[in-house]
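Taking it in order: structure first as C-alpha cells, then the write-up.
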Amino acid sequence: MALLGLVALTWFMVGFCLLLRRAEGEPPWRSTVALVFGALFAAYLFTDASWEAAGNRGADLDPGLAHFAFDLGNLGFANAWVSMGSFAAFAGWAVLKTGVFRRWLGWLMVASGVGLVLSRFVWTTNAWLLPYALFWIWVIAVCIRLRRKPSVTVRRSISEG
859 MALLGLVALT WFMVGFCLLL RRAEGEPPWR STVALVFGAL FAAYLFTDAS WEAAGNRGAD
919 LDPGLAHFAF DLGNLGFANA WVSMGSFAAF AGWAVLKTGV FRRWLGWLMV ASGVGLVLSR
979 FVWTTNAWLL PYALFWIWVI AVCIRLRRKP SVTVRRSISE G
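The numbering of the sequence shown is this note's numbering, which starts it at 859 and goes up by one.
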C-alpha cells in the first residue's frame, strides 16, 4: 500500500513541476531544480529498504544488527529531507515568482523546505516534525486547489507563461 502512495506522490511532484514550468517561462530553472530534487526524493524512497531489512526475520536477528538497520533507516530518512526540502523550497519559490497559486501557499512551501533542510542537522530531535507537517499541509492544500478550480489555475499558468 505504501508503494501506491509513493507512486501518487511521484506523479504529484512531476505534474506540479510541469505546471510550474509552463507558468515560469523561459528559462524555467526553478521548476526544473524542483523536479530534480523531487525525483531524487522519490528515487530514495523507491530504493531504500533498510527499515524493511530491520523488520525482516526480526526474531532471528542479533539485537545489535537490528538496531544498526533501524538507525540506518532513520538516518536515510533524515537525508531524504534534504531532497524533499529542496523540492519544497524551489517549488515554493517558483509559486511566489509566477503567482500561479496564492502567495501564502508559496511561503508555506519555502518555509517547509528550508525547515526540512535545516532539520537534517538536528535529525535526532523532534524539530523535523513541524516542517514535515507543513509540507504535507501544503500538498493537501494544493491538491484541493487543483481539484476545486483546475481550469483557473492551468489557464492562468498558460497565459502568464
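A virtual CB, placed ideally from N, CA and C, is assigned to each residue, including glycine.
Expressed to the nearest angstrom, what Euclidean distance is found between the alpha-carbon atoms of residue i and residue j?
i	j	result
Val-894	Ala-907	22 Å
Leu-966	Leu-992	7 Å
Arg-1003	Arg-960	10 Å
Gly-964	Ala-985	21 Å
Ala-936	Arg-880	32 Å
Gly-922	Asp-929	10 Å
Does the distance between the C-beta of residue i and the nearest non-hydrogen atom of the ligand HEM fall short of 7 Å?
i	result
Ala-901	You won't find the ligand HEM in this model; it holds no ligand whatsoever.
Can you tell me whether residue i is buried or exposed? The criterion is at least 16 other CB atoms within 10 Å of its CB, across all chains shown.
i	result
Glu-910	exposed
Val-819	Only positions 859 to 1019 of the chain appear in this structure, which leaves residue 819 out of reach.
Glu-884	exposed
Gly-896	buried
Thr-983	exposed
Arg-1006	exposed
Does the Cβ-Cβ distance between residue i and residue j come in under 8 Å?
i	j	result
Ser-970	Ala-938	no
Phe-904	Met-942	no
Ala-952	Leu-878	yes
Ala-949	Cys-875	yes
Val-940	Val-975	yes
For residue i, does the three-state DSSP call read helix, strand or coil?
i	result
Pro-886	coil
Ile-1016	With a pLDDT of 49 at Ile-1016, under the threshold of 50, the modelled position of this residue cannot be trusted; read the value that follows with caution. Helix at Ile-1016.
Arg-879	helix
Leu-919	coil
Ala-985	coil
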